[in-house]
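As structure tokens, the structure follows; a few thoughts come after it.
There are 2 protein chains.
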Amino acid sequence: MSTIKFCSNCGHTVTRKIPAGDQLPRAVCEHCGTVHYENPRVVVGCVPEWEGRILLCRRAIEPRRGYWTAPAGFLEIGESVHAAAARETTEEAMAEVEVGTLLSVVNVLHAAQVHVMFRARMRDAQHGAGAESLETALFQESEIPWGDIAFASIHFALQRYLTDRRERLERIHFHDIVHSAH
Amino acid sequence: MSTIKFCSNCGHTVTRKIPAGDQLPRAVCEHCGTVHYENPRVVVGCVPEWEGRILLCRRAIEPRRGYWTAPAGFLEIGESVHAAAARETTEEAMAEVEVGTLLSVVNVLHAAQVHVMFRARMRDAQHGAGAESLETALFQESEIPWGDIAFASIHFALQRYLTDRRERLERIHFHDIVHSAH
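Protein chains in written order, with this note's numbering: chain Y, 49 to 230; chain W, 49 to 230.
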């Protein structure tokens, strides 16, 4: 799934080969010697709760525009996973949260992503649509639009969140997604 | 800390700017329009135990050649975090492990890495130096070479592992490392 055609260090075309001492083919620049490693990206988010209700956002952007999700996005350089979960919630749902315990780690293998979700408590009832959202809403468990959840990893996290809450547990749930329509 | 000078898609030089709708400067190719996102990489490893002793490897490669570490390395595309922990243990310490509970998540902010460590149980007493190790050894708690541990995140994970073991707990420990000599 490499998209690297040119060396980002010197601009020459790269070749695909297994470097000495390595196990996997990489994009290698024969001109300047740079090996371009490609690794999974980390997506971090949370399930924000306010008085028993769950905050979700309806996506204003692709992929999965119009579908509902929990606030989540790519971990940035220089940022902790907790900070990323809180930042994404501010950006996408205009809500302030206290990030709680780790809820789920989902290996989204076909997308080269790891989705890390935390439990979170909203600091107040405020929320609203950020630039990447069409709307936001607080849902009772019975109101969650299960058929319109944007991503399988978020569906998984929400279900585990609610199961644990019913049992008054805070477990960590691991899951692999090898392929899915979304 | 961007090292991107040329577009990996078309080979033209990139410029650094905040794309529309984004919050942070990225390496953007004005020629083909590609935005080159750079995100933290995930390092996964484990603390393998055999009959109460901990398996460590002495590094044969830089950084920190000659220092001791637990088996760990970069998560590869298409690989789950559990699979990566087991693979790195096979590669670096020639040992087979059953990966257990999540031990630590350390944001190594200055290195743009997230270090994820699991508890693990060795399937048998076999171990040995893989290509990236000078030697491997099983250490009683009192024998661990604390002054010669290669990385702060591994030092943290080992200490928390032992504290939890003494208390018969298996907690998850989060930690941020903003800057360190190694």
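The beta carbon of each residue, even a glycine, is placed where N, CA and C say it ideally should be.
Under a CB-based cut-off of 9 Å, is residue i close to chain W?
i: S128(Y); result: yes
i: A160(Y); result: yes
i: I235(Y); result: Lying outside 49 to 230, the shown extent of chain Y, residue 235(Y) is not represented and no answer is given.
i: P193(Y); result: no
i: E78(Y); result: no
i: L150(Y); result: yes
i: T184(Y); result: no
i: T51(Y); result: yes
i: L206(Y); result: no
i: E180(Y); result: yes
i: A75(Y); result: yes
When you compare each of the options to residue i by their alpha carbons, which one comes out closest?
i: S152(Y); options: V162(Y), E144(Y), E146(Y); result: V162(Y)
i: Y209(W); options: L103(W), R171(W), A198(W); result: L103(W)
i: F222(W); options: V154(W), E183(W), A177(W), P193(W); result: V154(W)
i: C105(W); options: T137(W), T51(W), V91(W), A75(W); result: T137(W)
i: D172(W); options: T51(W), R216(W), E97(W); result: E97(W)
i: E127(Y); options: N57(W), T184(W), L72(W); result: L72(W)
i: R107(W); options: E144(W), R64(W), E183(W); result: E183(W)
i: P95(Y); options: G59(Y), E144(Y), N87(Y); result: For clarity, residue 95(Y) is Val in the given sequence; the question names Pro instead. That would be E144(Y), whose Cα lies nearest to the Cα of V95(Y).
i: P88(Y); options: E191(Y), C58(Y), R135(Y), S50(Y); result: S50(Y)
i: I109(W); options: A177(Y), G69(Y), A132(Y), E146(Y); result: G69(Y)
i: I197(Y); options: G81(Y), A118(Y), C77(Y); result: A118(Y)
i: G176(Y); options: S190(Y), E139(Y), H203(Y), R167(Y); result: E139(Y)
i: R214(Y); options: A141(Y), A75(Y), S190(Y); result: S190(Y)
i: R101(Y); options: A134(Y), Q174(Y), V156(Y), M165(Y); result: Q174(Y)
i: H130(W); options: G178(W), M165(W), R216(W); result: M165(W)
i: I125(W); options: I220(Y), A168(Y), V156(Y); result: V156(Y)
i: A134(Y); options: A168(Y), V90(Y), A160(Y); result: A168(Y)
Is residue i helix, strand or coil by DSSP?
i: S238(Y); result: Nothing can be reported for residue 238(Y): it is not among the residues displayed for chain Y, which extend from 49 to 230.
i: L157(Y); result: helix
i: R191(Y); result: According to the sequence provided, residue 191(Y) is Glu. The question's Arg does not apply to it. E191(Y): helix per DSSP, three-state reduction.
i: R107(W); result: strand
i: L186(Y); result: strand
i: E97(W); result: strand
i: D172(W); result: coil
i: R113(W); result: coil
i: M70(W); result: It is worth fixing the name first, because residue 70(W) is Asp in this sequence and not Met. D70(W) falls in the coil class under three-state DSSP.
i: R216(W); result: coil
i: I52(Y); result: coil
i: F38(W); result: Beyond the ends of chain W as shown, which are 49 and 230, falls residue 38(W); an answer cannot be given.
i: E140(Y); result: helix
i: V62(W); result: coil
i: H163(W); result: strand
i: H84(Y); result: strand
i: H221(W); result: strand
i: V147(Y); result: strand
i: V76(W); result: strand
i: A198(W); result: coil
Would you report the Cα separation of residue i and residue j, rounded to the nearest angstrom?
i: I225(W); j: E218(W); result: 22 Å
i: Y115(Y); j: L206(Y); result: 15 Å
i: E180(W); j: H158(W); result: 24 Å
i: H79(Y); j: D212(W); result: 50 Å
i: I66(Y); j: V83(W); result: 27 Å
i: H227(W); j: F199(W); result: 12 Å
i: V85(Y); j: T149(Y); result: Looking at the sequence itself, residue 85(Y) is Tyr, so the reference to Val does not match. Spanning the two alpha carbons is a distance of roughly 31 Å.
i: F232(Y); j: W194(Y); result: Here chain Y covers residues 49 to 230 and nothing more, so residue 232(Y) does not appear.
i: N57(Y); j: I52(W); result: 6 Å
i: R113(W); j: R64(Y); result: 28 Å
i: F54(W); j: T61(Y); result: 11 Å
i: A75(Y); j: L123(W); result: 17 Å
i: V92(W); j: G59(Y); result: 31 Å
i: G121(Y); j: H203(W); result: 30 Å
i: E99(Y); j: A132(W); result: 39 Å
Kindly indicate if chain Y contains any beta-carbon less than 9 Å away from that of residue i.
i: P111(W); result: no
i: A173(W); result: no
i: R106(W); result: no
i: Y209(W); result: no
i: A198(W); result: no
i: F122(W); result: yes
Near-chain W residues of the stretch 55 to 73 of chain Y - C-beta to any C-beta below 9 Å: Per Cβ criterion, the list reads C55, S56, N57, C58, G59, H60, T61, V62, G69, Q71, L72.
Chain W contacts made by the stretch 212 to 227 of chain Y, where a contact means CB separation under 8 Å: Taking 8 Å as the Cβ-Cβ cut-off against chain W, the residues of the stretch 212 to 227 of chain Y that qualify are I220, F222, D224.
Contact set between the stretch 83 to 102 of chain W and chain Y, restricted to residues whose Cβ is under 9 Å from the partner: Of all residues in the stretch 83 to 102 of chain W, H84, Y85, E86, N87, P88, R89, V90 have a Cβ within less than 9 Å of some Cβ in chain Y.
Interface residues of the stretch 135 to 150 of chain Y facing chain W [CB-CB below 7 Å]: Residues L150.
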